[in-house]
Every structure is written in structure tokens, then in C-alpha cells.
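Each residue of the sequence shown is one higher than the one before, counting from 166 in our numbering.
The C-beta atom is built at its ideal place from N, Cα and C for all residues, glycine as well.
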Amino acid sequence: MNNFIFENATKTYFGKGCVKEYLASLADPYGDTVMLAYGGGSIKRNGVYDEVREILEEAGKTVVEFPGIMANPTYEKVLEGAKLAKETGASLLLGVGGGSVMDCCKAISIAARFGQDAWDNFWARPGVFNFEPLPLGVIVTVTGTGSEMNGGAVITNEEKKIKTGRDYPACNPRFALLDATYTYTVPKFQMVSGGFDILSHIMETYFSKPDEDNVSDDISEALMRSTIRNLRLAIENPEDYTARSNLMWDSTMAENRIIKLGKQMDFECHQMEHQLGAYTNCNHGAGLAVLHPVYYRHIYRDGLAKFKKFAVNVWGISAEGKTDEELALTGIEALEDFIKEIGLPTTLRELGIDENVDLKAIADSCNLVSGSYRKMTHEEILEIFQECL
Ligand code: NZQ
Ligand code: ZN
166 MNNFIFENAT KTYFGKGCVK EYLASLADPY GDTVMLAYGG GSIKRNGVYD
216 EVREILEEAG KTVVEFPGIM ANPTYEKVLE GAKLAKETGA SLLLGVGGGS
266 VMDCCKAISI AARFGQDAWD NFWARPGVFN FEPLPLGVIV TVTGTGSEMN
316 GGAVITNEEK KIKTGRDYPA CNPRFALLDA TYTYTVPKFQ MVSGGFDILS
366 HIMETYFSKP DEDNVSDDIS EALMRSTIRN LRLAIENPED YTARSNLMWD
416 STMAENRIIK LGKQMDFECH QMEHQLGAYT NCNHGAGLAV LHPVYYRHIY
466 RDGLAKFKKF AVNVWGISAE GKTDEELALT GIEALEDFIK EIGLPTTLRE
516 LGIDENVDLK AIADSCNLVS GSYRKMTHEE ILEIFQECL
């Protein structure tokens, strides 16, 4: 294990009925005005909005609404939210939704209290900051990003064509409420896309050094098996509480920093997908599904020992009669078969991205990370994009 320091400031409430039971007391210490932020309206259709609003009103809160947070939230939307928070004197930001709502809220919580331009002096220039963001609480309605228990937020600057994420511990939500029954109404495509995002977060962490025995990789293998098993069950029966609740916690565990302890981490696929998203607004999990198998065929020789373990310990493939390379490739093939089985795309074309899109510009705009088994070049990323077409 490499050295690490660990803290997670989010108090997490998990289980059926947790919003009803805890929301009022959790909101209590944060003043009178709650800014209730949400997406395009799914919470109005499935009853979550009514439930939350009633609890806040009964608790005597003034509720200011901030609806319409889009998938892949934009910096423009962040500024709109920050302005509203300042004008109304909101004392608590409550995000109800998925990664897009939670990330937008984290960025609002900074922009509402940051005296300077939050893009130029924050998102584009990461560093330590020493001010308290506006307090944030979240209620999760779709699993995948794990944003509920970390300080990370991914924001798209449409004008600059950059989608970028930062993780600041001060942005961890003060509290997170996770009731898996809230996810029953998530449409199948979004559910599997979120499911693949979970798997991607784990793989991006697992496929990195150290390779010697370490507990973080062991937890990752268990989480990958759980995600695969429970995603299959939730596809069969969207109201399978056991499957949905396992997926919900798999998602949180993948991104609450626990499996990252002592690890280097890769996340080059995320860099590539974020830039595809910045240029084309494609769905996050679906973009990752297209990229992962192709990317792994590029790097597996550099991390052969881990790719062999992945085949055997995650997919249950027998090593017998296979060379090391064959075993590693069989694991990647199993991943690709799973992507097809759950109905996610395996080509960029299926995401609506073809030769008319300037793939070179996208490849050139990708960050090159240093924690992967082999550092990418912009030329190799372009090759990967072209192989994904
Ligand atoms: O907008 P509404 O109407 O609410 O509909 C949403 C949206 O269309 C719908 N939905 C959510 N809960 C629902 C529901 N529909 C029916 N029933 C429910 N209970 O789901 C759709 C997608 O929501 P979104 O929040 O966009 O999805 P996701 O959670 O996948 O978030 C994606 C964003 O998070 C970023 C991604 O890049 C992307 O911008 N990420 C954030 C990370 C983080 N902060 O740690 C890490 C990730 O790697 C990722 O980059
Ligand atoms: Zn992701």
C-alpha cells in the first residue's frame, strides 16, 4: 500500500424512508432558506418533489426553487444558481437528483461565496482554497457517479469546450440521503449507463499501481462483482430492492475515496469521455462503455498481472490452457460482452459521433494523466477514438 491520509466529511443516511425520517432534523441547523435544486422534472413525476417540499415546509423553511439542471451541467447554469443563492440569502443548498444536480450544486456552493471568477480562478486553476462553500445536502435519485460522498464536481464550459472535474474535500455534501426506492423510476438506459459508470470508476482505480497485494484492489474486485450481478438483477426487475440498494452503495463506495486509498489511479478514460462530452454532450456512462474495451486493448500489456487477475477474479474465467496475454484479453472480451448484454453502445457512431466530428480537436484537448499503466499521447487517444468509430 502507498501512504495515505483519509477523511470523509459526508454524513450518509442509507435506507428506505431515510428522507422522511431525517431530512427535517438535518436541515434544522442551516438557517431558514433552503434552495431546492433539481433537474428536468423526474422528481415531480415520481413524487419525490412533493415529499421533500412537504418536509421542508413543515419544518418552517422558506423554499427557493432552482429547477432545470441539465445532464452535463454547464458553467452558465452554475452562475445562474449562484446568483439566485446570493439574491435569496439561501443558507442551505439541497440538491435532489443524480450526478448532474449534485455536481452543479457543489459548483454553486463555491461560486455563491467565491469573490472572484470561479472558472478562471477555480476550475481552470486548481489549488488549495480557504473559504467555506455554502453548505450542501443531497438526496440521490439515480445511482452511478457517487458524487454524494465526495467533493468532486464535473462542469462543462460550453464556450471554452472544456468539461472538467475537481475534487475538493470542502465540497463534500454535509449530509447525503440514499433511499434506493427513489431509483425505481430511472429509465433502463440511464440505469445501465449509471451502472457502467460505477464499473468504470472501479476499473479506473483498480488498473493502476501498486500491483502487489493490497486491500483496495480486493475491495474493488468485490464491488465489481456486486455491480455486475446486481445490474443484471435490476434489469430483470427494476423494483428489486436488494439489487437497487446494492447498486446504490456500490456506486457510493466506488467514489467515496475508500478504494483509492494507497492507489495511483488512472482515469484517462474519464478524461477522454469528458472531452467527448464537452464537444458532443454525449451520455457519460455510454461514452465510457464505448471507450473502455478499446483503451484496455491498448494498455493491457503494460499491466498484464492486473488484467489477468481481472479475468479470473471478476469474470470467473479459468486460466487453464491460456497464455498470460490470452487470459488478459479474455477478461477484456468479457467486459465487452457485458456492455452489449446490458444494451450499451460499443461504437461512437451509436452515440451519434461520426467522421464529421473533429476527433483530432477532441483528442488534442484531453488531459494526459500520469497514474495509468502507460501514459497516453494525444496521437494514441486519436487512434483510440478512430478505432471506436
Ligand atoms: O433531469 P431529470 O428530469 O431529473 O432526469 C434525470 C436525467 O435525465 C434522470 N433521473 C434522475 N433520477 C431519476 C431520473 N429519472 C427517473 N427517475 C429518477 N429517480 O436521469 C437523467 C440523468 O441524470 P444525471 O444526473 O445527468 O446522471 P448521472 O448521475 O449519470 O450524472 C452525470 C454527470 O455526473 C458527472 C458526469 O460527467 C455527468 O456530468 N460525473 C460526476 C462525478 C463526480 N462528481 O464524482 C464522477 C463521474 O465520473 C462523472 O464524471
Ligand atoms: Zn464517471
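Can you tell me whether Thr310 is buried or exposed? The criterion is at least 16 other CB atoms within 10 Å of its CB, across all chains shown. Here Thr310 is buried: its Cβ has 16 or more other Cβ atoms, across all protein chains shown, within 10 Å.
Based on Cα-Cα distance, which residue from Pro291, Met166, Thr306 lies nearest to Lys209? Ranking Pro291, Met166, Thr306 by CA distance to the CA of Lys209 puts Thr306 first.
Name the one or two DSSP bridge partners that Leu426 has. Bridge partners of Leu426: none, in fact.
Go ahead and pull the three-state DSSP assignment for Glu176. Note that residue 176 corresponds to Lys in the displayed sequence, not to Glu. Annotated three-state conformation of Lys176 is strand, per DSSP.
On the three-pair Cβ rule with 8 Å, is the region 414–432 touching the region 171–180? Yes: at least three Cβ pairs fall under 8 Å.
Tell me the rounded alpha-carbon separation between Glu151 and Leu554. Absent from the structure is residue 151, since the part of the chain shown begins at 166 and ends at 554.
Can you determine whether any heavy atom of the ligand ZN sits closer than 7 Å to the C-beta of Ser365, and answer yes or no? For Ser365, the shortest C-beta to heavy atom distance toward the ligand ZN is below 7 Å.
With a threshold of 6 Å on Cβ separation, who are the neighbours of Arg339 within its own chain once the five nearest residues in sequence on each side are excluded? Excluding sequence neighbours, Arg339 sits near Pro300, Gly302.
Where does the unbroken alpha helix (DSSP H) through Glu377 begin, and where does it stop? From DSSP, Glu377 is part of no alpha helix (DSSP H); its letter is neither H nor E.
For Ala476 versus Leu492, is the C-beta spacing smaller than 8 Å? Yes. Within cutoff.
8 Å contact criterion, which Asn337 and Asn532 should meet: CB distance rounded: Contact between Asn337 and Asn532 is ruled out by a C-beta separation of about 23 Å, above the 8 Å threshold.
Skipping 5 residues on each side, what residues in its chain have a beta carbon closer than 8 Å to that of Lys487? In the same chain as Lys487, and ignoring 5 residues on each side of it, the C-beta atoms closer than 8 Å to its own belong to Thr495, in chain order.
Express the C-alpha separation of Asp529 and Met235 in angstroms, rounding to a whole number. Distance between the alpha carbons of Met235 and Asp529: 26 Å.
Would you check whether the ligand NZQ has a heavy atom nearer than 7 Å to the C-beta of Asp268? For the ligand NZQ, at least one heavy atom lies less than 7 Å from the Cβ of Asp268.
Keeping to the same chain, check which residues put their C-beta closer than 6 Å to that of Ser365; ignore five residues upstream and five downstream. Correct list, in chain order: Leu453.
Excluding sequence positions up to five away, which residues of its chain have a Cβ less than 7 Å from the Cβ of Asp405? If you ignore the 5 residues before and after Asp405, its C-beta comes within less than 7 Å of the C-beta of Leu398, Ala399, all in its own chain and listed in chain order.
Decide if the region 319–336 is in contact with the region 355–365; the criterion is three or more beta carbon pairs, one per stretch, under 8 Å apart. No, the region 319–336 does not touch the region 355–365.
Do His435 and the ligand MN come close, with the Cβ less than 7 Å from some heavy atom? Of the ligands this structure carries, namely the ligand NZQ and the ligand ZN, none is the ligand MN.
Flag this pair as yes or no: are the beta carbons of Ala272 and Val229 separated by less than 8 Å? Against a cut-off of 8 Å, the Cβ pair of Val229 and Ala272 comes out as no contact.
Would you list the residues sitting across from Tyr203 in a DSSP beta bridge? In the DSSP assignment, the residues bridged to Tyr203 are Val261.
Should Thr306 be counted as a contact of the ligand NZQ given a C-beta to heavy atom distance under 7 Å? Flag set: Cβ of Thr306 near the ligand NZQ.
Looking at Thr310 and the ligand ZN, is the gap between the Cβ and the nearest heavy atom below 7 Å? Result yes, Cβ under 7 Å from the ligand ZN.
Pairwise C-alpha distance: Glu216 and Lys251: Taking the straight line from one Cα to the other gives about 26 Å.
Helix, strand or coil for Arg331? Go by DSSP, reduced to three states. Residue state, collapsed to three classes: strand.
Rounded to whole angstroms, how far is the Cβ of Asn237 from the Cβ of Glu386, which I believe are closer than 8 Å? About 30 Å separates the Cβ atoms of Asn237 and Glu386, ruling out a contact at the 8 Å cut-off.
Is Ser358 closer than 8 Å to Leu509 when the C-beta atoms are compared? Judged by beta-carbon spacing, Ser358 lies within the 8 Å limit of Leu509, meaning their Cβ atoms are closer than that value.
Given 8 Å as the limit, is there contact between the region 419–434 and the region 370–380, that is, 3 or more CB pairs closer than that? Between the region 419–434 and the region 370–380, the count of C-beta pairs closer than 8 Å reaches three or more; the two stretches touch.
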